[in-house]
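Chemist: Below you'll find the structure I mean.
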Amino acid sequence: MKGLPGRQTRGLQTGSRLDCIDNTGAKIVEIISVKGYKGVRRRRASAGIGALLVVTVKKGSPEMRKQVVNAVIVRQRRPFRRPDGTMV
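Residue numbers (my numbering): 570 to 657.
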């Protein structure tokens, strides 16, 4: 039996600011680009849960500020659809 694909709702785009939830010293990060995003010309790259991002640290410890680092989205406010049809 073939698996049911889940449609991912991408609720974040380039330029969005996110709260950082790990212990690196970064507090607020801003999305620069989304790795592996293939879109239409002039369309802003969007990202959802599990997307690999390139971000810059806007607020945090002096050692972390103004650095460009990789990040992964682990939660979002916008509801997304699970393969069984439920919205979470």
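Ideal Cβ placement from N, Cα and C applies to all residues, glycine included.
(1) When the Cα atoms are used, what is the spatial distance from D591 to M656?
(2) Can you list, in chain order, the residues of its chain whose CB lies under 8 Å from that of C589, leaving out five sequence neighbours each side?
(3) On the DSSP letters alone, give me the boundaries of the beta strand (DSSP E) that E599 sits inside.
(4) By DSSP, does D591 sit in helix, in strand, or in coil?
(5) How long is the line joining the alpha carbons of V637 and R579, rounded to whole angstroms?
Modeler: Result, derived from the coordinates:
(1) Those two C-alpha atoms are separated by around 27 Å.
(2) Sequence-distant partners of C589 (beyond 5 residues in either direction) whose C-beta falls short of 8 Å from its own C-beta, in its chain, are A595, K596, I597, V598, V626, G629, A640.
(3) Looking at the DSSP string, the run of the beta strand (DSSP E) that includes E599 is 595 to 603.
(4) Coil, per DSSP.
(5) Approximately 22 Å, taken between the alpha carbons.
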